[in-house]
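This note's numbering numbers the first residue of the sequence shown as 1 and each following residue consecutively.
Where a beta carbon is used, it is the ideal one built from N, C-alpha and C, also for glycine.
Predicted, not measured: the structure shown is a model, and the values here were computed from it.
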Amino acid sequence: MWTTFLVALKANLRNRQALFWMIVFPIVLATMFNGFFGGLSEGYELKPIPMAVVEDSRWQQADGARTFVDALSGETASSSESLDGTAYADINQQLLTITAADTVRKAEQLLADGTVRGYLAADGNGRLAIT
């Protein structure tokens with residue numbers, strides 16, 4: 001196989017068009033593909049979003065609200081394990097970074113300061129609202 005390559009190379013060195021397609025074009029094409037798709041995995045990296053949680057009396061009455069927020073913030077043991085029980089330590093499951101706030105006013109102040117990007121609060125019916 002090596003001798004076949006050398007014979008083809010010697011034959012194509014005499015023809016400039018064949019030399020371009022044999023040597024230059026693959027290098028240019030590989031460079032273009034590396035430039036286009038080289039940083040593709042960085043776009044799929046999940047970064048946690050800083051959020052405030054209004055932990056008032058309505059929050060305490062909302063069923064499952066704490067479990068839901070703990071799961072999104074990666075604070076539960078089940079979020080780091082797969083269905084078969086094996087843990088994936090290298091996968092970051094954290095979607096939210098939680099900051100506790102006593103009132104909606106304090107959460108809005110954290111939002112205005114730029115500390116958080118939004119806040120979660122429970123309404124009178126126990127439904128969560130994201131602001």
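With a cut-off of 8 angstroms on Cβ pairs, the region 52-63 is in contact with the region 111-129, counting three or more such pairs. With contacts defined as CB atoms closer than 7 angstroms, Leu-111 and Leu-96 fail to qualify as a contacting pair. Excluding its 5 nearest sequence neighbours in each direction, Gly-124 has C-beta neighbours in its own chain below 7 angstroms: Arg-58, listed in chain order.
Note that the C-beta distance between Asn-12 and Leu-19 is below 7 angstroms.
Taking the C-beta atoms as reference points, Ala-30 is found no nearer than 7 angstroms to Gly-126. Judged by DSSP secondary structure, Ala-121 falls within the beta strand (DSSP E) whose first and last residues are 118-122. Burial is judged here by how many other beta carbons sit within 10 angstroms of a residue's own beta carbon; Ala-107 has at least 16 and is buried. Restricting attention to Thr-131, Thr-115, Gln-94, the CA atom closest to the CA of Val-104 is found in Thr-131. Measuring C-alpha to C-alpha distances from Tyr-44 to each of Thr-67, Gln-93, Met-1 identifies Gln-93 as the nearest.
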